[in-house]
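To convert, note that position 263 of the sequence shown is 422 in the working numbering; the numbers rise steadily by one, no gaps.
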Amino acid sequence: MNLVVGVLLSTPTTKFQCACNGFFDIINRMKNRKIIIGNWKMNPLAPKEAEKLFNKIAKSISRIKKTEIIICPPFVYLERLKKISKKIKLGAQNAFVGDVGAFTGEVSGEMLYNLGVRYVILGHSERRARGETGGEINKKIKSALSASLTPILCVGENSRDDNHEYFNIVKSQMLECLDGIRKNTISKIIFAYEPVWAISSTPGRRDAMPEDAREMAVFIRKTISDITGPQVANQAGVIYGGSVTEKDVGDFLQSGGVDGVLVGKASLNVEKFVKIINVAENIS
160 MNLVVGVLLS TPTTKFQCAC NGFFDIINRM KNRKIIIGNW KMNPLAPKEA
210 EKLFNKIAKS ISRIKKTEII ICPPFVYLER LKKISKKIKL GAQNAFVGDV
260 GAFTGEVSGE MLYNLGVRYV ILGHSERRAR GETGGEINKK IKSALSASLT
310 PILCVGENSR DDNHEYFNIV KSQMLECLDG IRKNTISKII FAYEPVWAIS
360 STPGRRDAMP EDAREMAVFI RKTISDITGP QVANQAGVIY GGSVTEKDVG
410 DFLQSGGVDG VLVGKASLNV EKFVKIINVA ENIS
């Protein structure tokens, strides 16, 4: 067992929590404004479908006031969707380094910002699985921050083990992705805990529990604090993103120690996604 995990887990019955008791005070404070992010991935198939879906969601949330709603559609739909609703913020699912250049097939953060996009998902497990490295994600985060975008940095382990090595895996991801980023700008990043073993597309997946999210939310904030100090750790948003549904979102928001959720499949279903938003609004 590595030293970091060994220290955190010196009392097995309480896992690493005894070493982080001070950070439960941070997690226990519930931010007034919850963050709900819909990641449409490579869906839907046609522009008309995207407009219809976005429009239905927009009409269903007219009374939402306390919840930050972000939808991340495929690049090709951003221009169309930005005209439909000002209440829903637009995010992208990726961005490349720099502003312009000879990079076939890439889209820069500057281009996205000029289009009206304000958020960008970086380091998603599906991109990591296709070979994207922490070093590449690090460069993308720096470029996104330079373009005044808010990065949504995804971190998470593929599986859980009895030796709790998954803590070190997440810490390693964070340290590599945050390397060289100014301390005062780390608070501008939203950290999405995305346990791969809980994602719906993972073979043999199992459901994550709110205590799984809470445990890692504490650890993520502890890691941020080790880098920047507790003030920045307190300001940074931490959300959960492991196959959230309208049935369990309330438990994650109330007991999971997170500021919001990153929703995949359920964000393509108007009824389910709106229910998730309404639950967050009532908790805020």
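We put the CB at the ideal spot given by N, CA and C, even for glycine.
Look at the beta carbons and you see the stretch 206-223 not touching the stretch 259-271: under three pairs across the two are nearer than 8 Å. Around the Cβ of Met375, a 10 Å sphere holds 16 or more other Cβ atoms; the residue is buried.
Per DSSP, the unbroken beta strand (DSSP E) holding Phe350 starts and ends at Ile349 to Tyr352. Secondary structure remark: continuous beta strand (DSSP E) runs of at least 3 residues inside the stretch 188-249, in chain order: 193-198 and 226-231. Within a 10 Å sphere around the beta-carbon of Asn297 sit 16 or more other beta-carbons, which makes this residue buried. Between Lys215 and the set Glu238, Lys246, Arg192 and Phe234, the nearest pair of CA atoms involves Lys246.
Boundaries of the alpha helix (DSSP H) harbouring Gly409: Val408 to Ser414, taken from the DSSP string. Judged by DSSP in its simplified three-state form, Ala395 adopts coil rather than helix or strand. For Thr344, no beta strand (DSSP E) encloses it; the enclosing alpha helix (DSSP H) starts and ends at Lys342 to Ile345. In this structure, the straight-line span from the alpha carbon of Val438 to that of Ser302 is close to 34 Å. Per DSSP, the continuous alpha helix (DSSP H) segment holding Thr387 begins and ends at Pro369 to Thr387. Gly339 carries a coil assignment under DSSP once its states are collapsed to helix, strand and coil.
In the three-state reduction of the DSSP assignment, Ala251 falls in the strand class.
When the five nearest sequence neighbours on each side are left out, the beta carbons in the same chain lying within less than 8 Å of the beta carbon of Thr361 are those of Val355, in order along the chain. In this structure Ile196 touches Cys231 by the C-beta definition: roughly 7 Å separates them, less than 8 Å.
For Lys406, the closest of Glu335, Glu430, Asn317 and Trp199 by C-alpha to C-alpha distance is Glu430. In the DSSP annotation of this structure, the continuous segment of the alpha helix (DSSP H) that includes Gly294 starts and ends at Gly293 to Ser305.
Residue environment: Glu227 is assigned as buried (16 or more neighbouring CB atoms within 10 Å of its CB, all protein chains considered). Remark: three or more beta-carbon pairs, one from each stretch, lie closer than 8 Å, so the stretch 383-398 and the stretch 332-348 are flagged as touching.
For Leu308, the secondary structure class from DSSP, reduced to helix, strand or coil, is coil. A direct Cα-Cα distance of roughly 12 Å separates Phe378 from Ile328. Looking at the DSSP output, Leu274 shares a beta bridge with no other residue. In this structure, Phe213 sits near Leu240, with a CB-CB distance shorter than 8 Å. Looking only at Asp418, Ile383 and Thr404, the smallest Cα-Cα distance to Val433 is reached by Thr404. Ranked by how close their Cα comes to the Cα of Gly388, the residues Leu281, Arg341 and Leu412 have Arg341 in first place.
In this structure the stretch 274-287 lies against the stretch 307-327, because at least three pairs of beta carbons, one per stretch, are closer than 8 Å.
In terms of CA proximity to Asp410, Ile435 leads the group Lys381, Ile435 and Val259.
Setting aside the 5 residues that flank it on each side, Val256 is surrounded in the same chain by Lys298, Lys299 and Ser302, each with a C-beta closer than 7 Å to its C-beta; the list follows chain order. For Val433, the enclosing alpha helix (DSSP H) has its first and last residue at Val429 to Ile442. One Cα belongs to Gly250, the other to Gly416, and the distance between them is close to 24 Å.
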